[in-house]
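**Student:**
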Amino acid sequence: MKVLITGGAGFIGSTVASACLDAGITPVLLDNLVTGRAEFTEGREFYEGDIADGELIDRIFEDHPEISATIHCAALIVVPESVAEPLRYYRVNVAKTIALTEHLLRNGCDRLLFSSSASIYTAGEDFSVDEASALDPLSPYARTKMLTELVFKDTAQATPLRVLSLRYFNPVGADPTLRTGLQVALPSHALGKLIQARANGLPFLVTGTDWPTRDGSGIRDYVHVWDLARAHVAAVQRFDEVLPLDGPGCYEVINLGTGRGTTVRELIRAFENVTGERQPTEEAPRRPGDNAGAFTRTEKAERLLDWRAELSLEQGIADTLAWFDRREAVLGL
Numbered sequence: 001m002k003v004l005i006t007g008g009a010g011f012i013g014s015t016v017a018s019a020c021l022d023a024g025i026t027p028v029l030l031d032n033l034v035t036g037r038a039e040f041t042e043g044r045e046f047y048e049g050d051i052a053d054g055e056l057i058d059r060i061f062e063d064h065p066e067i068s069a070t071i072h073c074a075a076l077i078v079v080p081e082s083v084a085e086p087l088r089y090y091r092v093n094v095a096k097t098i099a100l101t102e103h104l105l106r107n108g109c110d111r112l113l114f115s116s117s118a119s120i121y122t123a124g125e126d127f128s129v130d131e132a133s134a135l136d137p138l139s140p141y142a143r144t145k146m147l148t149e150l151v152f153k154d155t156a157q158a159t160p161l162r163v164l165s166l167r168y169f170n171p172v173g174a175d176p177t178l179r180t181g182l183q184v185a186l187p188s189h190a191l192g193k194l195i196q197a198r199a200n201g202l203p204f205l206v207t208g209t210d211w212p213t214r215d216g217s218g219i220r221d222y223v224h225v226w227d228l229a230r231a232h233v234a235a236v237q238r239f240d241e242v243l244p245l246d247g248p249g250c251y252e253v254i255n256l257g258t259g260r261g262t263t264v265r266e267l268i269r270a271f272e273n274v275t276g277e278r279q280p281t282e283e284a285p286r287r288p289g290d291n292a293g294a295f296t297r298t299e300k301a302e303r304l305l306d307w308r309a310e311l312s313l314e315q316g317i318a319d320t321l322a323w324f325d326r327r328e329a330v331l332g333l
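Sequential numbering of the sequence shown, starting at 1, is according to UniProt numbering.
1) Closer than 7 Å by C-beta to residue 184: which residues in its own chain qualify, once you throw out the five before and the five after it? Chain order, please.
2) Quick check on the burial criterion: 16 or more other C-beta atoms within 10 angstroms. Buried or exposed for residue 266?
3) Since residue 137 and residue 120 are thought to touch, with beta carbons under 8 Å apart, how far apart are those beta carbons, to the nearest angstrom?
4) My understanding is that residue 254 touches residue 311, with C-beta atoms under 8 Å, so please give their C-beta distance in whole angstroms.
5) Does DSSP put residue 56 in a helix, in a strand, or in coil?
6) Which of helix, strand or coil does DSSP assign to residue 204?
7) Measuring CA to CA, which of 271, 279, 216 is closest to residue 201?
8) Determine the DSSP secondary structure at residue 103, reduced to helix, strand or coil.
9) Determine the closest residue to residue 252 out of 57, 48, 131, 260, with distance taken between C-alpha atoms.
10) Starting from the C-beta of residue 230, find all residues in its chain whose C-beta is less than 7 Å away, skip the five residues before and the five after it, and write them out in chain order.
11) Terminal residues of the continuous alpha helix (DSSP H) containing residue 151?
12) Span of the beta strand (DSSP E) holding residue 26?
13) Quick check: the segment 4–23 against the segment 177–193, are there 3 or more CB pairs under 8 Å?
14) Check whether the Cβ atoms of residue 171 and residue 113 sit closer than 8 Å, and answer yes or no.
15) Grab me the residues of residue 45's own chain with a C-beta within less than 6 Å of its C-beta, minus the 5 sequence neighbours each way, in chain order.
16) Helix, strand or coil for residue 310, going by three-state DSSP, please let me know.
17) So, do the segment 280–291 and the segment 312–323 have three or more beta carbon pairs nearer to each other than 8 Å?
18) Using only alpha-carbon positions, find the residue among 309, 256, 80, 292 that is nearest to residue 211.
19) Check the C-beta distance from residue 256 over to residue 166 and give it rounded, since I have them as a contact under 8 Å.
20) Tell me the residue span of the alpha helix (DSSP H) that contains residue 11.
21) Using DSSP with H/G/I as helix, E/B as strand and the rest coil, what is residue 125?
22) Applying the 10 Å Cβ sphere with the 16-neighbour rule, what's the burial state of residue 148?
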């Protein structure tokens, strides 16, 4: 089996590619290397280019007619950047995905797995959500994810396209064998900033301390990226069971997370447990586009994919630290 992975040289896409290889699935990677890294494509089928380039998509399917599904990971993902550059985010994440979908349909690829985001939810009083929870995306980035899902849902109802949308929460960690990991030099998420603060001997900024959570800091569902990658593989393998050709549905949503909420302050304590060092902190205002956060109930993923998160937050922190120690040699960062 072969799958096309857009954004296959990025953090999520490259890890999904590794999990595919381990499962006997051949990944074909497409990435424009704006944020992805060529180093993550070594030894793998790779095409450098844009997801909206129809001629390139045609060539990929001419070269690899065995491709049976596409895993769409390509996107811009930084929330504060999306607030500052909304038109860029809508153009890249929505408009180019529409073009990609047209190219896939033209080439007869009707199975699509969308790497979506749980940032589109509005959480209940206990901050837990499931696939039927209300949606209220609070940043341009999150709204691009919701709009893309609407595009897919409408298209699936009108064409042969079948779409499985995987809404996942906050990825941490790295490929446990350190083939790939977080590639950006200055990560915008909490764990990356914790590692930067520790490396520079600076306090970590807790951005937002007045949320209605148990300790005032934001709450997140930190899921190991390798668990996420395994879920993508399970979705490929079970695609026709979840969305059979002769079934009543052509579009399905599955949440991927641990089922446990962890506040930022609890993340700091877990980080200190892994490093064995105290991490100084300072409080700071909320960032534009931030929200209190959420965590997911996991019954649907367990039922449809026979998947559940297996790796702990501490393992995710340890694997991230191990990757950061290695990535300078791999990426020159």
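We treat Cβ as the ideally placed atom computed from N, Cα and C, and that holds for glycine.
**Tutor:** Let me spell this out:
1) Within the same chain, residue 184 has close Cβ partners 35.
2) Residue 266 is buried by the Cβ-count criterion.
3) About 4 Å; that satisfies the 8 Å criterion.
4) The pair is not a contact, with the Cβ atoms about 19 Å apart (cut-off 8 Å).
5) Here residue 56 sits in helix by DSSP.
6) For residue 204, the secondary structure class from DSSP, reduced to helix, strand or coil, is strand.
7) The shortest Cα separation from residue 201 among 271, 279, 216 belongs to 279.
8) Taken through DSSP and simplified to helix, strand or coil, residue 103 comes out as helix.
9) The option with the nearest alpha carbon to residue 252 is 131.
10) 19, 307.
11) Taken as a continuous stretch (DSSP letters only), the alpha helix (DSSP H) holding residue 151 covers 140–158.
12) From DSSP, the beta strand (DSSP E) with residue 26 extends over 26–31.
13) Contact holds between the segment 4–23 and the segment 177–193, because three or more Cβ pairs, one in each stretch, are under 8 Å apart.
14) No, the Cβ-Cβ distance between residue 171 and residue 113 is not below 8 Å.
15) So the list reads 28, once near-sequence residues are dropped.
16) Coil at residue 310, not helix or strand.
17) Flag = no, the segment 280–291 and the segment 312–323 do not touch.
18) Comparing Cα positions, the closest option is 292.
19) About 6 Å separates the CB atoms of residue 256 and residue 166; that is less than 8 Å, so the two are in contact.
20) Note, residue 11: alpha helix (DSSP H), 11–22.
21) Note: residue 125 maps to coil in three-state DSSP.
22) A buried status is given to residue 148, since no fewer than 16 other beta-carbon atoms sit within 10 Å of its beta-carbon.
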